[in-house]
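The structure under discussion appears below in the form of structure tokens.
Residue numbers (our numbering): 23 to 907.
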């Protein structure tokens with residue numbers, strides 16, 4: 023173990039010991055909702071529309087995988103918003119366009135447009151220069167979904183799409199949601215119910231650029247010094263416009279697919295609006311941060327999609343400065359493209375010429391997933407029927423046949439709602455992760471003979487093979503008639519790891535029940551539990567798209583919980599165990615009941631729900647008048663439903679030790695290990711390790727009113743031992759008890775020091791039985807104030823003294839060794855146990871005075887989380903005539 027490892031365990035081991043169930047809210051902490059790992063790393067393929075499923079741990083789609091140009095490592099798109107007046111935009115854009123044309127003869131800019139004359143001569147000149155005119159809604163509503171008028175929202179999008187297609191020689195491919203950089207305007211409901219359809223004129227788009235990408239220090243591939251400003255603030259998080267802004271992903275600067283048919287080109291933080299809102303328009307710091315964002319994009323071999331406007335927020339010469347920087351520093355490593363060019367290159371070089379949407383706007387089945395867990399996305403295609411595996415070493419694609427069907431089941435065209443281009447509900451293919459090696463499996467129909475029924479394929483040795491557990495897999499037969507696969511059980515199930523063991527179960531819709539199957543002894547077996555209250559995986563009408571059911575780990579115990587809500591009812595259940603399933607009800611009721619969960623679906627359609635920041639968010643046409651344009655319920659609000667008393671007191675719910683461990687978030691490079699929990703300890707408030715590895719724990723079991731409610735002392739000090747050397751303590755002995763509200767413990771030579779006002783005690787185990795044989799006061803006179811404001815700490819200084827926090831109660835302290843006395847009002851103090859010496863020091867800490875490796879001391883109180891005590895008291899005391907703060 024390195025020193026850094028030891029310091030890490032020392033710093034966070036106490037948190038594991040305490041079983042602290044509150045979040046460690048670090049801006050660098052990885053979002054626990056970056057959840058597509060282990061057994062659930064493929065569930066995004068079979069979930070309702072979620073624009074925010076990617077994150078740092080999601081497999082990459084680096085630029086060399088799709089750009090099709092040797093030596094290009096990163097792509098930049100410049101997309102300017104809000105165009106209505108071509109003359110104004112020409113005046114602003116001309117220096118930018120000319121500079122881009124100097125690079126390779128193209129003016130690679132995408133203009134996100136509201137309204138324009140399709141035959142405007144300036145627009146025609148732009149298109150000849152290489153500009154594309156893309157979609158930004160006709161009316162620029164913020165939000166687009168508003169006024170409880172869904173058709174109005176659909177119309178402003180559709181009218182703009184149709185208008186852009188009227189422009190001669192234009193290739194509109196991409197949409198940007200108005201105000202997406204400043205408000206919570208994007209919504210899963212928009213993608214599912216508007217973008218995925220065609221306009222009345224038969225037009226549709228292929229991509230979107232509305233979700234904002236934020237670089238953070240979580241990513242070990244990024245240089246840490248680039249991610250903070252000189253003042254210590256996070257370089258890019260500072261641009262987030264308000265705390266409840268939920269339109270973000272983190273550390274994923276790559277294209278990704280939303281709902282099967284939409285390429286998302288995530289916008290890079292900052293936009294020029296975000297920058298001017300933070301530190302005024304045209305600030306040079308904006309350009310410097312954009313340059314850093316470009317640097318980091320090149321490191322990640324990603325895509326930087328820049329949002330800007332001609333509204334006085336960033337000058338055109340500043341945009342040219344950014345272009346110059348890219349060219350001078352990276353040369354041909356960075357390629358400027360329009361959204362249309364990006365889409366074309368993705369289609370040709372990644373998808374073998376098969377775009378996400380066919381000529382009718384329907385889904386062309388392309389599945390992007392990491393087949394071999396190398397951290398890069400691979401491609402499984404239906405047409406051509408190939409599986410493409412990325413070789414990261416050689417930077418090339420390898421191909422193997424795809425022997426199964428992909429896409430929607432071949433339903434009767436007369437009954438099919440062909441207006442929908444994509445729906446996970448009726449797909450014939452379901453992907454999952456099964457087996458100790460986390461192999462990818464797919465349940466589907468054979469390409470050559472679908473009449474044999476559903477097959478189970480496993481990806482092994484770089485190819486697809488029939489899985490050995492096929493005969494026991496549910497629904498090995500399908501309902502077929504000629505070349506039509508009829509609606510029914512053919513695709514009415516999904517893979518999902520619900521119990522957190524790293525392998526998927528198979529959840530199957532059977533009439534009104536969702537039955538759970540799992541692999542036991544190499545066979546698929548019914549596990550004996552089901553989704554509660556007859557909630558369905560899919561709507562009973564197969565033409566609908568959303569039942570309102572979602573899986574999410576609410577309490578961060580590694581198991582999938584259930585949240586379900588539609589227009590008539592709602593419910594939430596925690597996963598209890600692999601034997602009982604979702605047996606722990608949080609809440610349920612009818613739509614009009616108090617505490618109703620916002621509707622996830624309405625009328626069998628997506629209602630705009632997603633999970634982020636420990637919250638269920640909903641954005642749709644009915645939420646525009648709510649704070650931040652969204653309805654929401656936090657996970658903590660759902661969890662307190664378990665305990666009425668705690669709910670009424672606004673207290674968090676307890677978790678068991680393992681669930682508590684899984685819930686803790688720490689900064690990159692740190693690790694939490696659980697070393698002890700109840701019943702070995704109870705009510706711990708302080709700890710210290712001895713040189714023999716034993717752990718000494720102070721327990722304030724008498725807080726706040728004494729063990730009898732009348733002030734009777736009942737605090738303890740325990741000593742814990744690891745008897746079998748497995749790294750977890752397994753033996754506990756009460757060393758001392760009946761102590762009044764102990765606040766600290768420290769091993770000192772062969773003695774134990776205990777802070778328990780009014781005394782600092784010294785205790786000794788003379789006979790080695792683990793019990794204190796003598797307990798004597800070493801220092802006396804600490805004030806017995808509020809139990810949360812008593813002397814505490816006992817931190818070892820580099821000067822070989824022990825430092826204590828005042829606790830805010832003060833006192834007049836006497837050393838029993840020297841007889842010396844002193845007042846400690848307004849000061850922390852130090853003591854030397856061997857000599858009985860003592861003295862005051864700078865600072866007045868309520869609880870937990872601590873230092874760094876250079877003897878810089880820090881403290882705080884409830885209202886002030888941290889102070890730095892810059893100058894020590896013995897320097898200040900040289901001038902008794904000055905009152906220092």
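Where is the CB? At the ideal position from N, CA and C, for every residue including glycine.
Asked                                                                                                                                                             : Found
Identify the residues that DSSP records as bridge partners of residue 883: which are they?                                                                        : 886
Considering just the uninterrupted stretch of the beta strand (DSSP E) at residue 834, what are its terminal residues?                                            : 833-837
By a C-beta neighbour count over all protein chains shown, 10 Å radius and 16 as the cutoff for buried, is residue 326 buried or exposed?                         : buried
Taking the alpha-carbon positions, what's the residue 456 to residue 464 distance?                                                                                : 10 Å
So residue 804 and residue 766 are supposed to be a Cβ contact under 8 Å. How far apart are they, rounded?                                                        : Their Cβ separation, rounded to whole angstroms, is 11 Å, which puts residue 804 and residue 766 out of contact at 8 Å.
Out of 646, 135 and 811, which has the shortest C-alpha to C-alpha gap to residue 188?                                                                            : 135
Taking the alpha helix (DSSP H) that residue 896 falls in, what are its first and last residues?                                                                  : 895-898
What number of angstroms, rounded off, separates the C-alpha of residue 209 from the C-alpha of residue 640?                                                      : 8 Å
Excluding the 5 residues flanking residue 859 on each side, which residues of the same chain have their C-beta closer than 6 Å to its C-beta?                     : none
Using the C-alpha atoms, what's the distance from residue 323 back to residue 530?                                                                                : 40 Å
Comparing the C-beta of residue 615 with each C-beta of chain D, is any distance below 8 Å?                                                                       : Reference to chain D is not applicable here, since this structure consists of a single protein chain.
What are the residues that DSSP puts in a beta bridge with residue 721?                                                                                           : 706 and 738
Please confirm whether residue 404 and residue 370 have their CB atoms less than 8 Å apart.                                                                       : no
Among 128, 159, 124 and 117, whose alpha-carbon lies nearest the alpha-carbon of residue 137?                                                                     : 159
With DSSP as the reference, please indicate the residues paired to residue 801 in a beta bridge.                                                                  : 782 and 837
Pairing CB atoms from the stretch 797-811 with CB atoms from the stretch 777-784, are three or more of them under 8 Å?                                            : yes
Between the Cα of residue 547 and those of 587, 562 and 492, spot the shortest distance and give me the residue it belongs to.                                    : 492
What residue does the alpha helix (DSSP H) around residue 660 start on, and which one ends it?                                                                    : 657-661
Assign residue 759 to one of three DSSP states: helix, strand, or coil.                                                                                           : strand
Determine the extent of the beta strand (DSSP E) in which residue 547 is found, giving its start and end residues.                                                : 545-552
Pick out whichever of 876, 792, 754 and 801 has its Cα sitting closest to the Cα of residue 775.                                                                  : 801
Please list the terminal residues of the continuous beta strand (DSSP E) segment that includes residue 413.                                                       : 408-413
By alpha-carbon positions, which one of 390, 696 and 720 ends up nearest to residue 705?                                                                          : 720
Could you give the first and the last residue of the continuous beta strand (DSSP E) run that contains residue 643?                                               : Looking at the DSSP string, residue 643 is not in any beta strand (DSSP E), and its letter there is neither H nor E.
Take the Cβ of residue 246 as the centre, count every other Cβ of all protein chains shown within 10 Å, and call the residue buried at 16 or more, exposed below. : exposed
Return the first residue and the last residue of the beta strand (DSSP E) that residue 280 is part of.                                                            : 278-280
Would you mind sorting residue 109 into buried or exposed? The rule is 16 or more other CB atoms within 10 Å of its CB.                                           : exposed
Please state if the CB of residue 622 and the CB of residue 572 are separated by a distance shorter than 8 Å.                                                     : yes
Which partner residues of residue 391 appear in the DSSP bridge assignment?                                                                                       : 400
When you compare only the Cα positions, how much space is there between residue 231 and residue 313?                                                              : 20 Å
Helix, strand or coil: how does DSSP classify residue 867 here?                                                                                                   : coil
Using DSSP bridges, identify the partner residues of residue 854.                                                                                                 : 859
Answer with buried or exposed for residue 855, where buried requires no fewer than 16 other C-beta atoms within 10 angstroms of its C-beta.                       : buried
Beta carbon of residue 611, beta carbon of residue 618: below 8 Å?                                                                                                : yes
Thinking C-beta only, is residue 871 closer than 8 Å to residue 826?                                                                                              : yes
Indicate the three-state DSSP secondary structure (helix, strand or coil) for residue 247 in the structure shown.                                                 : helix
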